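Colleague: Structure provided below as structure tokens; questions to follow.
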Amino acid sequence: MQDKKVYIETYGCQMNVNDSEVILSILKDAGYVRTEDMGEADVILANTCSIRDNAEQRIWGRIGQFRIQKTKRDVIVGITGCMAERLKEKLLDSHTVDIVAGPDSYRSLPAMLRAVTPDNPQINVLLSHEETYSDITPLRMDRNGVSAYISIMRGCNNVCSYCVVPYTRGAERSRDPKTIIREAEDAFCRGYREVCLLGQNVDSYFWEDPDTPDDNVNFAQLLESVAKVSPDLRVRFSTSHPKDISDEVIYTMAMYDNICSHIHLPVQSGSNAMLEKMRRKYTREWYLGRVAKIRSVIPDCGITTDIIAGFCGETAQDHRDTLSLMEEVGFDSAFMFQYSERPGTLAARKFPDDVPEEVKTARLNEIIALQNRLSLESNRREIGKTHRILIEGVSKKNGNELFGRAGNNKVCVFPAEGHRTGEYVHVRVLSCTSATLISELIR
Ligand code: SAH
Ligand code: SF4
Ligand code: F3S
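Here it is in structure tokens:
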């Protein structure tokens, strides 16, 4: 029998990308091969995101496209991921979707695919307290073969009032460190030169071995073990929570050259009133204290962030507090969003979404404009400095140039001069834009 073909589209965060790789690995063992052409697929999957309303709207648009495929031929359409978990049976009302599978149900996908018929859609949205897919080697979807994602935990135990993730991903659970290290070693043996350890809140990673309860492993210890896999394997991680990032993690980063000097530290707002309402459990002062600590131990550390504009009850002063915090820290880059109310969250139940749409947009635009200036200033400070770069590929703008990232996460472009993806090179920064460092090779 010919292998069945599966096509998958992925939305949302890096963890969801890694989940798609887990799904593909499970389906491969069940006899499916991946196709990148939706038109020839036997199974179309959308691995979805619910973080903001516009993320879900995009996916509804895609479901419309899948319906067109269904009018042409027999094809199974499955929705996996966060939107499957949030909307459950409601997704079946579209009469386009045959399978609804939440983030903890992927092992049951082969059985669901066997059982599904047009009159018998399949749904599994059970959340688990244990599932970490620890024994599954993800089928890597990246094309460059340089950088691999490794999920070290799943779910989230925080209750940030705006956030849907605890509802779509369930309770936090950490993965057995032995399986994490094995996966990092395996990636290195296959030629990968960078791993990115993923979790919603990596600082709360904690493994208690059921057999040896005294052998606990925290995030700093895990980071150290992964760094020891090889000095030629770079280690990154995301996301750090400002309330939980420990001195031990910062010192561990400083101790190992191959742990990249970059921390993604989402602040969300610079106003204490907003932080309190967001239930972030830290203040502006605490955040600035963590940044000061990071910079005292790792002076060249890249610090990036996430910001939400226009959260419930945000005043003009709260907004100015965000702008002033951004200036004070001088973030290297940021992901910036307009607040989007998510049904069922604490904020949706307790606080009116009362900042008018046009005010949200104006504030977001101001935040983006400021960050563009800060990114440019931060990049200008790099001019004249040298960096060790891991080459990730050929520059999109110029086929004779390569690009890669410095430890601090900044993207550098430089002349290829015979070098290849996956190699390390040293460069000197000559000039910059707000997004890129233009560099020369040094020998
Ligand atoms: N676990 C990470 C963030 C995961 S979600 C953390 O705690 O930092 C990624 C980002 O999406 C968040 O940092 C936040 O800035 C944004 N976000 C989450 N919910 C949102 C909402 N309802 N509206 C707008 N942005 C949101
Ligand atoms: Fe959402 Fe907060 Fe958990 Fe991040 S830490 S995933 S923002 S609840
Ligand atoms: Fe989106 Fe789910 Fe990630 S809501 S951001 S895909 S955890």
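Number 370 in the numbering used here belongs to position 374 of the sequence shown; there are no gaps in the numbering.
Quick reminder that beta carbons are idealized off the backbone N, C-alpha and C, glycines included.
Just so it is clear, the structure is predicted and the values come from calculations on it, not from any experiment.
Between the segment 151 to 167 and the segment 203 to 212, do at least 3 Cβ pairs fall closer than 8 Å?
Modeller: no
Colleague: Let me check you understand the geometry: is the CB of Asn154 closer than 7 Å to at least one non-hydrogen atom of ligand 2?
Modeller: yes
Colleague: Can you tell which of Gln118, His422 and Phe399 has the C-alpha that lies nearest to the C-alpha of Val73?
Modeller: Gln118
Colleague: What does the alpha-carbon distance come out to for the pair Arg60 and Thr67?
Modeller: At residue 60 the sequence reads Gly, which differs from the Arg that was named. Those two C-alpha atoms are separated by around 11 Å.
Colleague: Would you kindly report the start and end of the unbroken alpha helix (DSSP H) that includes Gly285?
Modeller: Arg280 to Val293
Colleague: Could you pull the start and end residues of the beta strand (DSSP E) that Cys9 belongs to?
Modeller: It is not in any beta strand (DSSP E) - Cys9 carries neither H nor E in the DSSP assignment.
Colleague: Starting from Leu372, follow the alpha helix (DSSP H) in both directions and report where the run begins and ends.
Modeller: Glu353 to Arg376
Colleague: If you run the structure through DSSP and keep just helix, strand and coil, what is Ser234?
Modeller: Here Ser234 sits in strand by DSSP.
Colleague: Considering only DSSP beta bridges, list what Pro411 is partnered with.
Modeller: Glu397, per the DSSP bridge assignment.
Colleague: Can you find the residues in the same chain that come closer than 8 Å, C-beta to C-beta, to Ile55, ignoring five residues on each side of it along the sequence?
Modeller: Tyr7, Ala42, Thr44, Cys45, Ile75 and Met79
Colleague: Starting from His315, trace the beta strand (DSSP E) in both directions and tell me its first and last residue.
Modeller: Unbroken run through His315 is the alpha helix (DSSP H), Ala312 to Val325; no beta strand (DSSP E).
Colleague: Residue range of the alpha helix (DSSP H) that Arg30 falls in?
Modeller: Taken as a continuous stretch (DSSP letters only), Arg30 belongs to no alpha helix (DSSP H), being part of the beta strand (DSSP E) at Tyr28 to Arg30.
Colleague: When you compare the CB positions of Tyr102 and Val29, do they come within less than 8 Å of one another, or not?
Modeller: no
Colleague: Count the other CB atoms within 10 Å of the CB of Glu436; is the residue buried (16 or more) or exposed (fewer)?
Modeller: Exposed.
Colleague: Please classify Asp100 as buried or exposed, where buried requires at least 16 neighbouring CB atoms within 10 angstroms.
Modeller: buried
Colleague: Taking 5 Å as the limit, name every residue whose beta carbon sits nearer than that to some heavy atom of ligand 3, in sequence order.
Modeller: Gly8, Cys9, Asn12, Cys45, Ser46, Ile47, Cys78 and Val161
Colleague: Would you report the Cα separation of Glu449 and Asp199, rounded to the nearest angstrom?
Modeller: Since the first residue of the chain shown is -3 and the last is 439, residue 449 is not available in this structure.
Colleague: Give a yes or no on contact between the segment 370 to 389 and the segment 419 to 426, applying the rule of three or more CB pairs nearer than 8 Å.
Modeller: yes
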